[in-house]
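Following the working numbering, the numbering of the sequence shown begins with 1 at its first residue and continues without gaps. Glycine included, each C-beta is placed from N, C-alpha and C at the ideal position. The structure displayed is predicted, hence computed values, not measured ones.
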Amino acid sequence: MHRTAATAATPPLAVYRMPPPTAGGINEPQECPYCRRTFSCYYSLKRHFQDKHEQSDTLYVCEFCNRRYRTKNSLTTHKSLQHRGSSGMLKRLLKTSAIKSVLGNMQQQQQQQQQQQQQQQQQQQQQQQQQQQQQQQQSQHPQ
């Protein structure tokens, strides 16, 4: 697990409690007493505290890339930035040239399958014609 500078200040076994808002109120800038980062309001401090300092056994896993997050909010933020839309990975692929290659390969495979099917049909028709010719020859020249 990689640690950022903010998490390095938090020992893993320490139990921290969410501090109350500062005297100015919840809409005023707030400072985290554990890592000294400043936040624009109490809600931002609360999110930071949950993400960085609060102990939780629950992990939220991204279904697109399997990254794990300590809070649902972190996972939601990650998905909105990295995987926009319900099929985020597919949409991201559509924006790259790689998808053109994949689609080109799929089209080639479809064309090859169609050609194989046509060849099989032609072979079947030829076999049927040969069988008909043999039957005609046998009926014309019985032994």
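I need the boundaries of the alpha helix (DSSP H) containing residue 16, first residue and last residue.
Boundaries cannot be given for residue 16, as no alpha helix (DSSP H) includes it and DSSP labels it neither H nor E.
Separation of residue 25 from residue 6, as counted between CA atoms:
Residue placement at residue 6 cannot be trusted, given a pLDDT of 42 that sits under 50; what the coordinates show is reported in the next sentence. Residue 6 and residue 25 have their C-alpha atoms some 24 Å from each other.
Taking only runs of the beta strand (DSSP E) that begin and end inside the region 18-43, which ones reach a length of at least 3 residues, in chain order?
None, since the region 18-43 contains no complete beta strand (DSSP E) of that length.
Bridge-paired residues (DSSP) for residue 47
Looking at the DSSP assignment, residue 47 forms no beta bridge with any residue, so it has no partner.
Assigned exposure category for residue 30 - 16 Cβ within 10 Å defines buried:
Burial of residue 30 is indicated by the presence of at least 16 other C-beta atoms within 10 angstroms of its C-beta.
Just checking my contact of residue 83 with residue 69 at CB under 8 Å: how many whole Å lie between their CB atoms?
Actually they are not in contact, since the Cβ atoms of residue 83 and residue 69 sit about 13 Å apart, beyond 8 Å.
Would you mind reading off the limits of the alpha helix (DSSP H) that contains residue 73?
For residue 73, the enclosing alpha helix (DSSP H) covers residues 72-82.
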